[in-house]
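Asks:
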Amino acid sequence: MNLLQHGLAWIEPAIAAYGVWALLIILYFESFGVPLPGESALVAAALLATRGDLEVEHVFLAAWTGAMLGDSTGYLIGRFGGRRLLKRYGPSLKLTPERLTRLETMAQTRGFLMVLTARFIVVLRQLNGLIAGSVGMPWSHFVVANALGAALWAGLWSFGVYYFADTFRRLI
């Protein structure tokens, strides 16, 4: 409960001032690597929607848009500079040339599934686009998987929390 209360206390003033635009900005920056509490902010915004302070559809659209644009920005950063950084600093992060080759192969064969599911795993959600761009995943595959993954993730944490808020509150 403390985490949700903290998330709600943190996001409530921002949403009171800027509406769902605050949520969109938080999720945009979190989605390309900035360490922000995006998922907590989304849950808090969905809980605010249960009180009638926001429209849950607007919460979903802001979350989906922020996540999509943030991952796409991360992809572009990775595409135009990430590979050089991986080659230069990868070994210090235990990313050997062999592991990098395996990661590239996996991105080519299972990239769609990787991008789709990474949205649901905390650290991978923030690095998803950067990694996909760095290892050369085709843009057309990335953007479809990113859109679908962001829709599923935003739908779960906005509509799921909104429609099951009473159950959710009892569990906490």
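full-length UniProt numbering puts the first residue of the sequence shown at 1, with every later residue one more than the last. By construction, the Cβ of each residue, glycine as well, lies at the ideal position given by its N, Cα and C atoms.
#1: Using three-state DSSP, classify G90 as helix, strand or coil.
#2: Restricting to runs no shorter than 4 residues, where is the alpha helix (DSSP H) found entirely within the UniProt domain "VTT" (36-162)?
#3: Should Q126 go down as buried or exposed, given a rule of 16 or more other Cβ atoms within 10 Å for buried?
#4: Figure out for me which residue from M137, L124, S40 has the closest Cα to the Cα of T109.
#5: How many angstroms separate the CA atom of S158 from the CA atom of A44?
#6: Thinking A132 and Y75 are a contact (beta carbons under 8 Å), I'd like their distance in whole angstroms, please.
#7: Run through DSSP, which three-state label would F164 get?
#8: Counting pairs of Cβ atoms below 8 Å between the stretch 88-105 and the stretch 33-49, do you hit three or more?
#9: Is the Cβ-Cβ distance between L54 and I25 less than 8 Å?
#10: Using 8 Å as the cut-off, can you tell me whether the stretch 82-92 makes contact with the stretch 143-157, which would need three or more C-beta pairs spanning the two stretches below that distance?
#11: Rounded to whole angstroms, what is the Cα-Cα separation between R119 and A150?
#12: Here's the rule I'm using: 16 or more other beta-carbon atoms within 10 Å means buried, otherwise exposed. How should G81 be labelled?
Replies: Taking the definition as stated:
#1: helix
#2: 38-50, 56-77, 83-89, 97-118, 122-134, 139-155
#3: buried
#4: M137
#5: 9 Å
#6: 5 Å
#7: coil
#8: no
#9: no
#10: no
#11: 7 Å
#12: exposed
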